[in-house]
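Asks: Please read through the structure below; I'll follow up with questions.
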Amino acid sequence: MPPAIWSPYDSPFPPPNRDITKLLRGAGNKNGFEIRVAAEQERYFRIAALQRHPSRWAIQVAARLAGCSRSAPCLRPCCPECTGRMRIWFYAEVARVLQIEQDTAQSRLNIITLVHEDWILKRQQIINLNPKVLIDRVRHQFLRAGGSGAIVIGSVHGEYDKQRQYWQPHLHLVARDLDVRTIYLLRKRHYQRTSLVYRPMVVQPLRDPPPQISYLLKSYWPMRVRHQKSSTFRRIPEPLHSEYLMMQDRFDLLDFVFLLGVRRQGHRLVPLSAPR
Ligand SMILES: [Zn+2]
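Residue numbers (our numbering): 67 to 342.
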């Protein structure tokens, strides 16, 4: 029998102070957490889209999504309901392991976005994305730059660029105790501005944990529409939309998660060394 796949549904539901569904659903909050009903509707939308895609593989992915239920969750990364439950686990564990409730510790915390033009995939090539390879590569970059004392957690995300007609995978991360020199070396060695990537490495302080950390693990990829000075985001059109879902279906939920200086032990994230 193959080993059981880790399921976020088996993890204990977090206490109110680490329950992202409560923290983001407050009055006046525009980017409120998508509730389960919305996630279910999105799952049906994806099933219908996949069923219209010409490949047999897409039909199989649609069938797996259609079979997702509370008693037998599909646990596919392309499932909005299963990803939604994973985000609840993810926020609670990140908040706990980084001790983000302690205000004094927040100055040691940064949100980092990494974008590299080497990760770009042509329109038809999204199926070849392997998040595990990308994560491995970036982990080594961090370690070689001296980031071994830090905790870095996040995930692989991506978008489709409408005008340029390519996919741009990227990483959203939160880091604790990542020193200035490591950040400098990473930027110098790997994340310098190019003609395609204007801001390859963005480092920001963690100011508002619930939205910023929940943003690290998103349940959909958007399409970037470039304007003169900014971009807007829309749903990815077919057949590309189905094709990124098919790529995700090749992996497990945790394959998109970046961990450095911390490992998963059952439902807990455990630091590799004692906190400084
Ligand atoms: Zn599911």
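Note that CB positions come from ideal geometry on N, CA and C, so glycine has one too.
#1: Considering only residues of the same chain and omitting the five flanking positions on each side of Q207, which have a CB-CB separation below 8 Å?
#2: Between the C-alpha atoms of W155 and S137, what's the straight-line distance to the nearest angstrom?
#3: Please name the residue, chosen from L262, D202, I201, R122, that lies closest to Q229 on a Cα-to-Cα basis.
#4: Our contact map puts V181 next to P266 with C-beta atoms below 8 Å; I'd like the distance itself, whole angstroms only.
#5: Quick check on DSSP: helix, strand or coil for E304?
#6: Return yes when the Cβ of R84 is within less than 8 Å of the Cβ of R174, no when it is not.
#7: Residues around ligand 1, please: the ones whose beta-carbon is closer than 6 Å to some heavy atom of it, in chain order.
#8: Where does T179 fall in DSSP's three states?
#9: Give me the Cα-Cα distance between H333 and Q294, rounded to the nearest whole angstrom.
#10: Compare the Cα-Cα distances from I192 to each of P80, L338, W287 and report the closest residue.
#11: Quick one: what's got a C-beta closer than 7 Å to Q231's C-beta in the same chain, skipping five residues either side?
#12: In its own chain, which residues sit with a C-beta less than 6 Å from the C-beta of P218, not counting the 5 before and 5 after it?
#13: Could you tell me whether the Cβ atoms of A129 and P80 are closer together than 8 Å?
#14: How would you call R142, buried or exposed, if buried means at least 16 neighbouring beta carbons within 10 angstroms?
#15: Exposed or buried, what is V328 when buried is set at 16 or more other beta-carbons lying within 10 Å of its beta-carbon?
#16: For Y257, which three-state DSSP category applies?
#17: Can you name the start and end residues of the beta strand (DSSP E) that Q234 belongs to?
#18: Measure from the alpha carbon of A211 to the alpha carbon of each residue in L319, Q331, T248, D274, then state which is nearest.
#19: How would you call V127, buried or exposed, if buried means at least 16 neighbouring beta carbons within 10 angstroms?
#20: Helix, strand or coil for Y226 per DSSP?
#21: Could you compute how far the alpha carbon of P78 sits from the alpha carbon of Q278?
#22: Label V160 either buried or exposed according to how many other C-beta atoms from any shown protein chain fall within 10 Å of its C-beta, with 16 as the threshold for buried.
#23: G220 and V244 - do their beta-carbons sit closer together than 8 Å?
Replies: By the coordinates alone:
#1: L252, R255, H256
#2: 18 Å
#3: L262
#4: 5 Å
#5: coil
#6: no
#7: C134, P139, C140, R142, C145, E147, C148
#8: strand
#9: 45 Å
#10: W287
#11: R189
#12: Checking the displayed sequence, the identity of residue 218 turns out to be Val instead of Pro. Counting only Cβ-Cβ distances below 6 Å, and skipping sequence neighbours, we find L239, A241, L326.
#13: no
#14: buried
#15: buried
#16: coil
#17: 232-242
#18: T248
#19: buried
#20: strand
#21: 22 Å
#22: buried
#23: Note that residue 244 is Leu in the sequence shown here, rather than Val. Not closer than 8 Å, so no.
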